[in-house]
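Student: This is the structure I have questions about; it appears just below.
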Amino acid sequence: TNSGFLTGIYVLFVPIIQWLVFRTRPHAIIWYCASIAFLGLYLLSGASVAPFGFGDYLVLSSAVFWALQVFLLGYLLPKLGLPLVVSVICFLSAGLLSSAGAIGWETVSLQIFQNGWVEIAYAAIFSTAIGFSLQAMGQQHMPAANAAIIVSAESLFAAAGGAILLGERLSGFGYVGITLIFFAIVAVEAVPIYVARNSKRTT
Numbered sequence: 486t487n488s489g490f491l492t493g494i495y496v497l498f499v500p501i502i503q504w505l506v507f508r509t510r511p512h513a514i515i516w517y518c519a520s521i522a523f524l525g526l527y528l529l530s531g532a533s534v535a536p537f538g539f540g541d542y543l544v545l546s547s548a549v550f551w552a553l554q555v556f557l558l559g560y561l562l563p564k565l566g567l568p569l570v571v572s573v574i575c576f577l578s579a580g581l582l583s584s585a586g587a588i589g590w591e592t593v594s595l596q597i598f599q600n601g602w603v604e605i606a607y608a609a610i611f612s613t614a615i616g617f618s619l620q621a622m623g624q625q626h627m628p629a630a631n632a633a634i635i636v637s638a639e640s641l642f643a644a645a646g647g648a649i650l651l652g653e654r655l656s657g658f659g660y661v662g663i664t665l666i667f668f669a670i671v672a673v674e675a676v677p678i679y680v681a682r683n684s685k686r687t688t
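Just add 485 to the spot in the sequence shown (first one is 1) and you have our numbering.
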């Protein structure tokens with residue numbers, strides 16, 4: 486119940502990290518849209534929060550690291566370029582650390598890989614290599630806080646995939662959540678452009 490909601494907190498963490506590091510206040514629309522997207526994620530996850538357990542704190546800590554990743558990509562890529570190189574470095578680092586953790590705390594066997602190689606390959610190629618590379622390429626051209634709100638659209642695709650592939654149905658809260666997330670994504674890009682155009686006309 487809590488996982489999707491807690492993971493989405495990175496939408497709020499990214500502008501906060503940006504504020505703390507650079508001491509520059511993000512555009513007001515960022516705070517509004519991040520809050521709207523976060524509310525949408527809460528509704529999409531069922532509009533309920535179960536009592537916290539150890540796993541919830543792990544998910545919350547992962548949201549902090551995810552926010553740092555989005556922030557660092559937004560900071561480094563406009564300066565360095567080379568989004569594919571940065572993506573490969575991220576993949577290798579995450580892969581090595583995850584492998585070390587699996588060997589240290591879990592039971593690893595060849596049978597496990599044989600049983601799940603299709604799922605592992607799909608996650609490695611499509612969800613990780615392609616998805617994160619496209620994200621890195623996009624973050625060359627937009628602020629990290631904007632990117633965090635747009636990336637929250639993954640929940641929309643997850644809901645659509647669940648409906649199409651698994652026959653799942655959203656609740657009323659879920660539809661409201663999807664609407665709010667979509668609105669936040671459009672507004673965070675459209676409102677600054679609209680304001681800039683109006684200011685040019687008045688000057």
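Cβ atoms here follow ideal geometry from the backbone N, Cα and C, with glycine treated the same way.
Straight-line CA distance for Arg654 to Ile666?
Tutor: 18 Å
Student: Given Thr664, which residues of its chain have a CB within under 8 Å of its CB, disregarding the five upstream and five downstream residues?
Tutor: Gly525
Student: In the stretch 570 to 614, which residue ranges form an unbroken alpha helix (DSSP H) of at least 4 residues, counting only runs that do not cross its ends?
Tutor: DSSP runs (the alpha helix (DSSP H)) wholly in the stretch 570 to 614: 595 to 607.
Student: Just to check my reading of the structure: Phe642 and Ala614 have Cβ atoms closer than 8 Å, yes? What is that Cβ distance to the nearest angstrom?
Tutor: Contact flag wrong, Cβ pair sits at about 17 Å.
Student: Using three-state DSSP, classify Pro536 as helix, strand or coil.
Tutor: coil
Student: Can you check whether the CB of Val499 is closer than 9 Å to the CB of Ala675?
Tutor: No, Cβ-Cβ distance for Ala675 and Val499 is not below 9 Å.
Student: Taking DSSP as the reference, what is the three-state secondary structure of Pro677?
Tutor: Pro677 falls in the helix class under three-state DSSP.
Student: Given Trp516, which residues of its chain have a CB within under 7 Å of its CB, disregarding the five upstream and five downstream residues?
Tutor: Pro500
Student: Assuming Phe556 and Gln503 are in contact, meaning their beta carbons sit under 8 Å apart, how far apart are those beta carbons, in whole angstroms?
Tutor: 6 Å
Student: Suppose contacts are defined by Cβ-Cβ distances below 9 Å. Is Gln625 in contact with Pro568 by that definition?
Tutor: yes
Student: Just to confirm, is the Cβ distance from Val475 to Ala621 under 9 Å?
Tutor: For residue 475 there is no data in the structure shown, the boundaries of the chain being 486 and 688.
Student: At which residues does the alpha helix (DSSP H) containing Pro500 begin and terminate?
Tutor: Pro500 -> alpha helix (DSSP H) spans Tyr495 to Phe507.
Student: Please classify Phe598 as buried or exposed, where buried requires at least 16 other C-beta atoms within 10 Å of its C-beta.
Tutor: exposed
Student: Taking the alpha-carbon of Pro563 as reference, which of Glu591, Gly623 and Ile494 has the nearest alpha-carbon?
Tutor: Gly623
Student: Does DSSP put Arg510 in a helix, in a strand, or in coil?
Tutor: coil
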